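Novice: Here it is, the structure, as structure tokens.
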Amino acid sequence: MLTVRIWDLPTRLFHWALAASVVGLVITGQVGGEAMAWHFRLGYSVLALLLFRLAWGFWGGHWSRWAQLPLKPSSVWAYVQGRATPAHLVGHNPLGSWSVVALLFFLGLQVATGLVSDDEIATMGPLSSWASGAVVSWATSWHKSWGKLILIALVAIHLLALAWYRWQKNSSLVPAMWHGDKVLTAPLPASRDNLISRGLALLLLTLAGLVVALLVSLGN
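At position 94 of the sequence shown (counting the first as 1) the number is 94 in the UniProt record's numbering, and the numbers step up by one without a gap.
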């Protein structure tokens, strides 16, 4: 039995920061009014986190890289049939990988539509003046209806999958996202998680924040 670092610290912090931000977005969006100021701030934070995660998928720890996501149909089919390789069960499994991609994609779409939304009452996205009326109308409708519902559904599926693994397969996936380690029966590569990689992650996050600040400033 070997204890292997699977999730590096930047990936874990990203995961929990994103989860907290999404919860905050749902709450502030429902409350409305003065809470919309925080809704926008959280939206900008999510965009910065997504940009960071996009870059971290190329330079992050071994199991956080896009290349390690088993997205091939053959991998998904083998997993469904119970024939997945050990490497496809350490990080994100094939179904979990597609869940991650879907969640990040729709989060990105939700943030993008929020940037150009306009409820014609009190709030408007910082880039709404840059888009045509038709685009603003579609973005506003998507952001307030289907976009929100799809994200809530994806989060619900994620939570149900965690519960199913815990109670049906007697395998808890949450602890590894807290401390980063998994106990394995076979030697597999560990994710790099040292001061250098963490410093790189901080630099990437800072750059992502600067990009978001610049993007938002274009609408002012």
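Using N, Cα and C, we set each Cβ at its ideal position, and we do this for glycine too.
No experiment lies behind these values; they were computed from the predicted model shown.
Return the first residue and the last residue of the beta strand (DSSP E) that residue 173 is part of.
Specialist: Looking at the DSSP string, residue 173 is not in any beta strand (DSSP E), and its letter there is neither H nor E.
Novice: Flag this pair as yes or no: are the beta carbons of residue 8 and residue 74 separated by less than 8 Å?
Specialist: Contact: no.
Novice: Mapping DSSP to helix, strand and coil, what is residue 47?
Specialist: It is helical.
Novice: I'd like to know whether the C-beta atoms of residue 118 and residue 136 end up nearer to each other than 8 Å.
Specialist: Cβ distance < 8 Å, so residue 118 and residue 136 count as in contact.
Novice: Out of 93, 130, 151, state which residue places its alpha-carbon closest to the alpha-carbon of residue 102.
Specialist: Nearest C-alpha to residue 102: 151.
Novice: Spell out the partners DSSP gives residue 198 in its beta bridges.
Specialist: Bridge partners of residue 198: none, in fact.
Novice: Does the beta-carbon of residue 167 have 16 or more other beta-carbons within 10 angstroms, so that it is buried, or is it exposed?
Specialist: Per the 10 Å Cβ criterion, exposed.
Novice: Check whether the Cβ atoms of residue 28 and residue 38 lie closer than 8 Å to each other.
Specialist: The answer is yes: Cβ separation under 8 Å.
Novice: Using a threshold of 8 Å, state whether the C-beta atoms of residue 143 and residue 114 are closer than that.
Specialist: Contact flag set, yes.
Novice: Which word fits residue 125, buried or exposed, when buried means at least 16 other C-beta atoms lie within 10 angstroms of its C-beta?
Specialist: Residue 125 should be labelled buried.
Novice: Considering just the uninterrupted stretch of the beta strand (DSSP E) at residue 2, what are its terminal residues?
Specialist: Per DSSP, residue 2 belongs to the beta strand (DSSP E) from 2-5.
Novice: Please return the same chain residues whose Cβ sits closer than 8 Å to the Cβ of residue 14, not counting the five positions on each side in sequence.
Specialist: Taken in chain order, the residues that qualify are 49, 52, 53, 56.
Novice: Could you please give me the residues that DSSP links to residue 124 through a beta bridge?
Specialist: Residue 124 is bridged to 118.
Novice: Under 8 Å between the Cβ atoms of residue 199 and residue 5?
Specialist: Cβ atoms of residue 199 and residue 5: not closer than 8 Å.
Novice: May I ask which residues mark the beginning and end of the beta strand (DSSP E) holding residue 183?
Specialist: Taken as a continuous stretch (DSSP letters only), the beta strand (DSSP E) holding residue 183 covers 181-184.
Novice: By the 10 Å Cβ neighbour count, where 16 or more other Cβ atoms means buried, how is residue 72 classified, buried or exposed?
Specialist: Counting Cβ neighbours within 10 Å, residue 72 comes out exposed, since fewer than 16 surround it.
Novice: Less than 8 Å between the beta carbons of residue 95 and residue 116, yes or no?
Specialist: Cβ atoms of residue 95 and residue 116: not closer than 8 Å.
Novice: Could you give the DSSP three-state label for residue 24: helix, strand or coil?
Specialist: Correct three-state label for residue 24: helix.
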